[in-house]
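Asks: This structure is in structure tokens; I'll ask about it shortly.
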Amino acid sequence: GIQVEQSPPDLILQEGANSTLRCNFSDSVNNLQWFHQNPWGQLINLFYIPSGTKQNGRLSATTVATERYSLLYISSSQTTDSGVYFCAVERGDSSYKLIFGSGTRLLVRP
Amino acid sequence: DGGITQSPKYLFRKEGQNVTLSCEQNLNHDAMYWYRQDPGQGLRLIYYSQIVNDFQKGDIAEGYSVSREKKESFPLTVTSAQKNPTAFYLCASHGTGVPFSEAFFGQGTRLTVV
Numbered sequence: 221g222i223q224v225e226q227s228p229p230d231l232i233l234q235e236g237a238n239s240t241l242r243c244n245f246s247d248s249v250n251n252l253q254w255f256h257q258n259p260w261g262q263l264i265n266l267f268y269i270p271s272g273t274k275q276n277g278r279l280s281a282t283t284v285a286t287e288r289y290s291l292l293y294i295s296s297s298q299t300t301d302s303g304v305y306f307c308a309v310e311r312g313d314s315s316y317k318l319i320f321g322s323g324t325r326l327l328v329r330p
Numbered sequence: 014d015g016g017i018t019q020s021p022k023y024l025f026r027k028e029g030q031n032v033t034l035s036c037e038q039n040l041n042h043d044a045m046y047w048y049r050q051d052p053g054q055g056l057r058l059i060y061y062s063q064i065v066n067d068f069q070k071g072d073i074a075e076g077y078s079v080s081r082e083k084k085e086s087f088p089l090t091v092t093s094a095q096k097n098p099t100a101f102y103l104c105a106s107h108g109t110g111v112p113f114s115e116a117f118f119g120q121g122t123r124l125t126v127v
């Protein structure tokens with residue numbers, strides 16, 4: 221099946237710093253999403269981005285489908301950005317199987 | 014408001030009991046999913062369904078069962094055959110048209126074996 225790898229696994233930042241999270245996938249995809257899991261466990265949708273670039277405030281994401289990776293940029297990080305960031309992909313064969321990476325655990329210190 | 018509702022939020026199960034977790038969506042989505050998350054780990058796919066009356070096993074289906082009798086509902090039963098059921102369970106849904114639509118998650122159910 222499709223493999224989804226996220227890096228780095230853990231990241232510690234000082235408040236105000238910028239960061240880049242990476243998601244590599246092993247096959248063509250129809251769907252790619254970035255989620256933030258908050259301390260209560262809820263998954264918050266950040267970006268639906270099978271290709272191209274999107275921005276939402278301090279966050280932006282870029283997916284290069286032909287090279288099979290996606291990047292999530294966090295600028296001017298805040299303590300509320302702490303949590304786990306997941307990338308999820310849906311294989312490009314209409315299987316509708318949504319597969320998650322193992323996540324990047326981010327801690328932003330004040 | 015449109016969304017996905019999981020219930021209950023917390024569930025306690027005695028060993029040997031079957032329990033059913035509820036997942037309802039009013040987003041008119043065709044595809045629905047169940048995931049399991051263990052502490053400090055990622056999400057693992059249990060079962061998914063693309064359409065009513067049809068579902069497929071995910072990566073860790075053993076000890077679980079599902080049904081999809083209605084488009085809006087995709088309940089998950091954790092059977093006594095699941096030896097380590099204590100975990101956080103998340104339900105998701107998305108549309109299956111082209112282009113594929115964004116997936117949304119419920120707030121989860123924390124299951125504990127007592």
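Chains as they are written, first to last, in our numbering: chain A, 221 to 330; chain B, 14 to 127. We put the CB at the ideal spot given by N, CA and C, even for glycine. Everything numeric in this text was worked out from a predicted model, so none of it was measured.
Between which residues of its own chain and Gly303 of chain A is the CB-CB distance below 7 Å, once the five residues before and five after are set aside?
Replies: Numbered from its first residue, the first sequence carries residue 303 of chain A at position 83. Counting only Cβ-Cβ distances below 7 Å, and skipping sequence neighbours, we find His256, Gln257, Asn258, Pro259 and Leu326.
Asks: What beta strand (DSSP E) runs, 3 residues minimum, are completely inside the region 226 to 282 of chain A?
Replies: Taking only runs of at least 3 residues, the beta strand (DSSP E) segments lying wholly in the region 226 to 282 of chain A are 230 to 234, 239 to 245, 249 to 257, 263 to 268 and 272 to 276.
Asks: From Leu252 of chain A to Val32 of chain B, what does the alpha carbon distance come to, in whole angstroms?
Replies: The residue labelled residue 252 of chain A in the question sits at position 32 within the first sequence. The residue labelled residue 32 of chain B in the question sits at position 19 within the second sequence. Whole-angstrom Cα-Cα distance: 32 Å.
Asks: Is Ala74 of chain B helix, strand or coil when you go by DSSP?
Replies: In the second sequence, the residue the question calls residue 74 of chain B occupies position 61. Coil.
Asks: Residues in its own chain within less than 8 Å of Glu310 of chain A by CB, not counting five upstream and five downstream?
Replies: Within the first sequence, numbered from 1, the residue matching residue 310 of chain A stands at position 90. Result list for Glu310 of chain A: Val249, Asn250, Asn251, Leu252, Tyr316, Lys317, Leu318 and Ile319, in chain order.
Asks: Within 10 angstroms of its Cβ, does Ile294 of chain A collect 16 or more other Cβ (buried), or is it exposed?
Replies: Here residue 294 of chain A is taken as the residue at index 74 of the first sequence, counted from 1. With 16 or more Cβ atoms within 10 Å of its Cβ, Ile294 of chain A is classed as buried.
Asks: Distance check for Arg123 of chain B and Leu24 of chain B, CA to CA, integer angstroms please.
Replies: Counting from one through the second sequence, the residue named residue 24 of chain B turns up at place 11. Counting from one through the second sequence, the residue named residue 123 of chain B turns up at place 110. Each residue's alpha carbon lies about 6 Å from the other.
Asks: On the criterion of 16 or more Cβ atoms from any shown chain inside 10 Å, does Arg49 of chain B qualify as buried, or is it exposed?
Replies: Numbered from 1 along the second sequence, position 36 holds the residue referred to as residue 49 of chain B. Buried.
Asks: Let me check one thing: in DSSP terms, what residues is Leu103 of chain B bridge-paired to?
Replies: Position 90 of the second sequence, counting from 1, holds the residue named residue 103 of chain B. BP columns for Leu103 of chain B point to B:Tyr48.
Asks: What does DSSP give as the partner residue(s) for Val91 of chain B in the beta ladder?
Replies: Here the question's residue 91 of chain B lines up with position 78 in the second sequence. Answer is B:Val32 and B:Tyr77.
Asks: Considering only their Cβ atoms, is the gap separating Ala116 of chain B from Ser106 of chain B smaller than 8 Å?
Replies: Position 93 of the second sequence, counted from the start, is the residue given in the question as residue 106 of chain B. Position 103 of the second sequence, counted from the start, is the residue given in the question as residue 116 of chain B. Result yes, Cβ atoms of Ser106 of chain B and Ala116 of chain B sit closer than 8 Å.
Asks: In the region 292 to 324 of chain A, which residues sit with their C-beta less than 9 Å from some C-beta in chain B, listed in chain order?
Replies: Answer set for the region 292 to 324 of chain A: Val304, Phe306, Ala308, Glu310, Ser314, Ser315, Tyr316, Lys317, Leu318, Ile319, Phe320, Gly321, Ser322 and Gly323.
Asks: Please confirm whether Gly321 of chain A and Val224 of chain A have their CB atoms less than 8 Å apart.
Replies: On the first sequence, residue 321 of chain A is found 101 positions in, with the first residue counted as 1. On the first sequence, residue 224 of chain A is found 4 positions in, with the first residue counted as 1. It is a contact, given that the beta carbons lie within the stated cut-off.
Asks: Would Leu81 of chain B be called buried (16 or more neighbouring beta carbons within 10 Å of its own) or exposed?
Replies: Position 68 of the second sequence, counting from 1, holds the residue named residue 81 of chain B. According to the sequence as given, residue 81 of chain B is Arg; it is not Leu. Under this definition Arg81 of chain B is a buried residue.
Asks: Using a Cβ cut-off of 8 Å, which residues of the region 263 to 283 of chain A contact any Cβ in chain B, in chain order?
Replies: So the close ones are Leu263, Asn265, Tyr268 and Pro270.
Asks: Work out the CA separation of Asn276 of chain A and Lys70 of chain B for me, nearest whole Å.
Replies: Reading the second sequence from its first residue, position 57 is the one you call residue 70 of chain B. Reading the first sequence from its first residue, position 56 is the one you call residue 276 of chain A. So the two alpha carbons sit approximately 35 Å from each other.
Asks: With a threshold of 8 Å between beta carbons, is Tyr60 of chain B in contact with chain A?
Replies: Locating residue 60 of chain B in the second sequence gives position 47, counting from the first residue. For Tyr60 of chain B, the answer is no, since every Cβ of chain A falls outside 8 Å of its Cβ.
Asks: Taking the DSSP output, what are the residues bridged to Ala308 of chain A?
Replies: Here residue 308 of chain A refers to the residue found at position 88 when the first sequence is read from its first residue. Note: Ala308 of chain A sits in a beta bridge opposite A:Gln253 and A:Phe320.
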